[in-house]
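Novice: Could you have a look at this structure, given as structure tokens, before my questions?
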Amino acid sequence: MACLTACGGQGGTPSTSGEEPGPSEARSQANKGDAQVLRLACPWPVGDPVIVNIEDNFVKKFNEQAGGKYVIELHAGGSLLGLPDEFEAVKSGGVEMAGWPVAVFGSVVPVLF
């Protein structure tokens with residue numbers, strides 16, 4: 219399993235465009251307080267051992283140690299994005315994090331395999 223995270227982008231910098239956050243963004247901010255929400259898209263279904271491991275050994279531990287500054291929201295089973303779209307979405311900033319089987323990298327960067 220591999221996990222890719224995009225860094226930079228808006229990163230908590232206030233918007234100078236005067237635009238209000240969209241409905242889903244506002245809802246996430248209201249539910250998470252002042253925490254910056256990091257969406258983690260994964261192709262494995264809810265209950266799959268890989269998802270259970272990611273949730274127990276990464277998401278929960280990260281959220282506990284982030285001190286309320288960041289919160290990871292796990293989106294399993296392709297509920298946020300399908301597997302083919304996850305890599306490009308992280309590159310373009312459409313989603314903050316994604317996890318997928320390592321073999322997927324072979325189709326993206328063939329020289330690695």
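Here the numbering used here = 1-based position in the sequence shown + 218.
No residue lacks a Cβ here, since even glycine has one placed at the ideal position from N, Cα and C.
#1: Given this structure, state the Cα-to-Cα distance separating E282 from S310, to the nearest angstrom.
#2: Can you tell me where the alpha helix (DSSP H) with A284 in it begins and where it stops?
#3: Indicate the three-state DSSP secondary structure (helix, strand or coil) for P319 in the structure shown.
#4: Since L301 is in the alpha helix (DSSP H), which residue starts that stretch and which ends it?
#5: Rounded to whole angstroms, what is the Cα-Cα separation between D252 and I290?
Specialist: So, to answer that:
#1: 28 angstroms
#2: From DSSP, A284 is part of no alpha helix (DSSP H); its letter is neither H nor E.
#3: Coil at P319, not helix or strand.
#4: L301 to S310
#5: 13 angstroms
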